[in-house]
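What follows is one structure encoded as structure tokens, with my remarks underneath.
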Amino acid sequence: MTGKILVIYAGGTIGMQASETGYVPAAGFEQRLRDQLGARVAQLPTFDMLELQQLIDSANLQPHHWTELANIIVQHWQQYDGFVLLHGTDTMAYSASMLSFMLQGMDKPVIVTGSQIPLAALRNDALDNLLTALTFAAEAAIAEVCICFNGRLLRGNRATKVKSAALNAFDSPNDDYLAQVGINITLHAERLLPAGSAHFSIPELASEAVVVLPIYPGLSAHTARAILSDNVVRGCVLHTYGAGNPPDANVELMMLLQEAIERGVSIVNVTQCLQGEVSQGAYATGATLNRIGVIPGGDLTLEAAFTKLHYLIATQSAAAVSELMVKPLCGEMS
Ligand code: ASP
């Protein structure tokens, strides 16, 4: 264990307080935390806190927030040995994924956490999640973006929120946990990404550049056109059935996808299943997507596919987007 940690509070339930309209993010988190910890703070890794001016319920997260969060981390990179980001759970997996792409080559831990019950409540998961996150943020062997939640350390770009009303809200169905916390902490060092050499360049993102097109029985070309036709759209995550299957009998829909690809939209196929991967071509329906140039997304989560596409579109040529989407950049796919 080493060093000094920067804890960044961006919003989310962990720091919320009750209002007449329900929970809202509340400023002054550091004081509330230090009041609760009292003299026990001396047993923790040393940390400073930075609270964002505009705290958000993460349901309100926008792509520009990722650039802002990454820039805050990069601005403080040299002064700290690790980072904890306190974030709402609703879009935590999106933010952890995007930060993993923006901070590629990192050589320190960035641990994202939050809670299902606010710190302000007598019985809560906030303190435990925060203390465990601080412990991992002080662990020099970790050089990646992780989600720490309910005694599990997950690779950020493999994680997804699987439960809306349970304390074990996050899982990584296609990847092993990086650490588990019980009476003892078991860190699986052999599963961690190697440290890189940090040279960050954080892109600005065009907020409407990437869309998600969910496949469902009855999806019409008309509806898909409304999603894809705006010329600000440069990427689309196609959220398909099972092994990556679309309704290929809908010829108009398939032609619409093909036309979008021909005008330069990168379409990436990921499965709606929680576990497993797309195998475009296992079924004739999926093979249609190979024919029209849809990029197979392997076992990427929706969150990782969406953020990777955003990141690559902001930083690469269209040809490089197709090439890099199918390669693991920082542990996000097998
Ligand atoms: N709506 C909250 C948020 O994402 C939920 C949470 O933090 O658990 O900010």
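Numbers 201 to 534, taken from this note's numbering, label the letters of the sequence shown in order. Quick reminder that beta carbons are idealized off the backbone N, C-alpha and C, glycines included. As the structure is a computational prediction, the values presented were derived from the model and not from experiment.
Check	Outcome
When you compare each of Leu500, Val478, Gly203 and Gly305 to Tyr294 by their alpha carbons, which one comes out closest?	Leu500
Pull up the CB-CB distance for Glu344 and Leu393, whole angstroms please, since I reckon it's below 8 angstroms.	5 angstroms
At 3 residues or longer, what runs of the beta strand (DSSP E) sit wholly inside the segment 345-413?	345-349, 352-355, 379-381 and 385-387
Quick check: Ser372 and Arg391, are their CB atoms within less than 8 angstroms of each other?	no
Rounded to whole angstroms, what is the Cα-Cα separation between Met201 and Thr335?	Low confidence applies here, because Met201 scores a pLDDT of 45, under 50, leaving its location unreliable and the question unanswered by this model.
Contact between the segment 276-286 and the segment 203-222: three or more CB pairs below 8 angstroms?	yes
Any idea what DSSP makes of Lys602, helix, strand or coil?	This structure cannot settle anything about residue 602, because the visible part of the chain is limited to 201 through 534.
Would you mind reading off the limits of the alpha helix (DSSP H) that contains Thr485?	Ala484 to Ile492
Just how far apart, CA to CA, sit Gly238 and Glu230?	12 angstroms
Look at the Cβ atom of Thr471, then the Cβ atom of Ala443, and state whether they are nearer than 8 angstroms.	yes
Tell me, to the nearest whole angstrom, how far the beta carbon of Ile273 is from that of Val310; I am working on the premise that it is less than 8 angstroms.	6 angstroms
Roughly how many angstroms lie between the CA atoms of Leu413 and Leu269, to the nearest whole one?	27 angstroms
May I ask you to report which of helix, strand or coil DSSP gives Met201?	Since pLDDT at Met201 reaches only 45, below the 50 mark, its modelled position is unreliable, and the value read off the structure follows with that caveat. Coil at Met201, not helix or strand.
Thinking just about the alpha-carbon of each residue, which of Met216, Gln236 and Pro403 is nearest to the one in Asp328?	Gln236
Please state whether DSSP places Met306 in a helix, a strand or coil.	coil
If we call anything under 8 angstroms between Cβ atoms a contact, is Phe301 one with Leu529?	yes
What residue does the alpha helix (DSSP H) around Tyr511 start on, and which one ends it?	Leu502 to Thr515
Going by the DSSP bridge assignment, what does Pro206 pair with across the sheet?	Going by the sequence as given, residue 206 is Leu instead of Pro. Leu206 is bridged to Asp248 and Phe283.
Rounded to whole angstroms, what's the CA-CA distance from Ala519 to Leu233? Just pull it up for me.	48 angstroms
Pro225 lies in the beta strand (DSSP E); which residues open and close that run?	Gly222 to Pro225
Just reading off the beta strand (DSSP E) that Leu438 is part of, what are its end residues?	Gly435 to Thr440
Considering only residues of the same chain and omitting the five flanking positions on each side of Ala326, which have a CB-CB separation below 7 angstroms?	Ile214, Ser315, Ile317, Pro318 and Leu319
In this structure, what does DSSP give as the bridge partners for Val468?	Val437 and Ile495
According to the neighbour-count rule (16 or more other Cβ atoms, all chains shown, within 10 Å of its Cβ), is Val411 buried or exposed?	buried
What does the alpha-carbon distance come out to for the pair Val433 and Thr507?	14 angstroms
Using DSSP's beta-bridge definition, name the partner residues of Gln217.	Val224
To the nearest angstrom, how far is it from the Cα of Met216 to the Cα of Gly351?	21 angstroms
First and last residue of the alpha helix (DSSP H) that includes Pro263?	Pro263 to Gln275
With H, G and I counted as helix, E and B as strand and the rest as coil, what does DSSP make of Gln278?	helix
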